[in-house]
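Reading the sequence shown from the start, the letters are residues 1 to 102 in this note's numbering.
Data first, discussion second: the structure below is written as structure tokens.
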Amino acid sequence: MAWVLLLGAALLEAVWATALGRSDGFTRPWPTVIGIAAAAASFVMLAIAMRDLPVGTAYAVWVGLGAVGVVLVGITAGESASPPRLACLALIVLGVAGLKLT
Numbered sequence: 001m002a003w004v005l006l007l008g009a010a011l012l013e014a015v016w017a018t019a020l021g022r023s024d025g026f027t028r029p030w031p032t033v034i035g036i037a038a039a040a041a042s043f044v045m046l047a048i049a050m051r052d053l054p055v056g057t058a059y060a061v062w063v064g065l066g067a068v069g070v071v072l073v074g075i076t077a078g079e080s081a082s083p084p085r086l087a088c089l090a091l092i093v094l095g096v097a098g099l100k101l102t
């Protein structure tokens, strides 16, 4: 269950980071509200997952998958999907998978 919570927390990290990026410095209310709510839920889920997972592993997985999620959202919005950029994302995912397996 801890890994499911951690994956949910990472998904919400991508949501809050994207929403806050679109909040235009907290001047747009809906992206701001969504970003703050998603951040709070993400932190709570991460904290609960850390009851059963090592802190270093949980945090690295949360940050890594959240970062991959934000980049993928950016790519779907028109940012570059160059081979080196995709290779770097693959390395992050491999690192997260390695942490899960060890």
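Using N, Cα and C, we set each Cβ at its ideal position, and we do this for glycine too.
Below 7 Å CB to CB, which residues in the same chain sit around residue i once its five sequence neighbours on both sides are set aside?
{"i": "residue 24", "result": "none"}
{"i": "residue 99", "result": "57, 60, 61"}
{"i": "residue 66", "result": "10, 13, 14, 17"}
Helix, strand or coil: which one does DSSP assign to residue i?
{"i": "residue 54", "result": "coil"}
{"i": "residue 13", "result": "helix"}
{"i": "residue 28", "result": "coil"}
{"i": "residue 102", "result": "coil"}
{"i": "residue 77", "result": "coil"}
{"i": "residue 82", "result": "coil"}
{"i": "residue 45", "result": "helix"}
Considering only C-alpha positions, which residue in the set the options is nearest to residue i?
{"i": "residue 33", "options": "87, 18, 69", "result": "18"}
{"i": "residue 92", "options": "72, 101, 68, 76", "result": "68"}
{"i": "residue 74", "options": "35, 31, 22", "result": "22"}
With burial defined as no fewer than 16 other Cβ atoms inside 10 Å of the residue's Cβ, what is the status of residue i: buried or exposed?
{"i": "residue 47", "result": "exposed"}
{"i": "residue 42", "result": "buried"}
{"i": "residue 38", "result": "buried"}
{"i": "residue 4", "result": "exposed"}
Establish whether the CB of residue i and some CB of chain C are separated by less than 7 Å.
{"i": "residue 86", "result": "Included in the structure is just one protein chain, with no chain C present."}
By Cβ distance, which residues of its chain are closer than 8 Å to residue i, with the 5 residues on each side in sequence left out?
{"i": "residue 6", "result": "45, 46, 49, 53, 58, 61, 62"}
{"i": "residue 28", "result": "22"}
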